[in-house]
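For reference, the structure is listed below as structure tokens.
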Amino acid sequence: MRIWATFLFAVFVFFPVSEEPLLFAQDGPMPPALSMGDDELQAKTKEIAKVLRCAVCQSESVWESNSTLAIQMRDIVRERLLAGESSDEIQAYFVSRYGDYIIFKPRFRGINLLLWGGPFLLLLFGGVILLRNLSKWTKPHPALPEAPSASLDPIDEKQRQRLEQELRKG
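What follows is the structure, encoded as structure tokens:
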């Protein structure tokens, strides 16, 4: 009897039976896909959503992605357009939440300017150094001075005899 009570307790604790969603399932229904009647609003939404990067997929735009977050982002774009915000204001909203990474085409300012221009500056700097060194390497060198034929300091007879003695000794 005790074993059955323990078994039933474990079943009810670890395997609850209810109509609630499972622990890892999403709460609530999936957000509806972007469905607009106004073609101009849809075109503007598409234009803005194609500029934004999906934070989940990262290689797709918000318009191309079917993730839940991308659908929510498209809905936010649509709602903000209906509220009268401009494209720049909507992009600024997403940049404030996700950073510059959310924009597919990076802006040319701040550190991005250095990242875009840095390789070209390094290439230019390397070319200048290469040209400078090539001009040094190919520049004709001045001729070496001729060695004097006669010795500059003649030795006297006493030094010459001493030198000959040293040479004979070996």
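Every letter in the sequence shown is one number past the one before it in UniProt numbering, and letter 5, counting from 1, is 5. For each residue, glycine too, the CB sits at the ideal point set by N, CA and C.
- Of the other Cβ atoms in all chains shown, fewer than 16 fall within 10 Å of the Cβ of residue 83; this residue is therefore exposed.
- Between the alpha carbons of residue 55 and residue 107 lies a distance of about 18 Å.
- Looking at the DSSP output, residue 52 shares a beta bridge with 103.
- Here DSSP, grouped into helix, strand and coil, assigns residue 59 to coil.
- Cβ neighbours of residue 3 within its own chain (closer than 8 Å, five residues either side excluded): none.
- In the DSSP assignment, residue 75 falls within the alpha helix (DSSP H) that extends over 68-82.
- In the DSSP assignment, residue 118 falls within the alpha helix (DSSP H) that extends over 111-138.
- Taking the CA atoms as reference points, residue 48 sits about 24 Å from residue 116.
- The Cβ atoms of residue 46 and residue 63 lie closer than 9 Å to each other.
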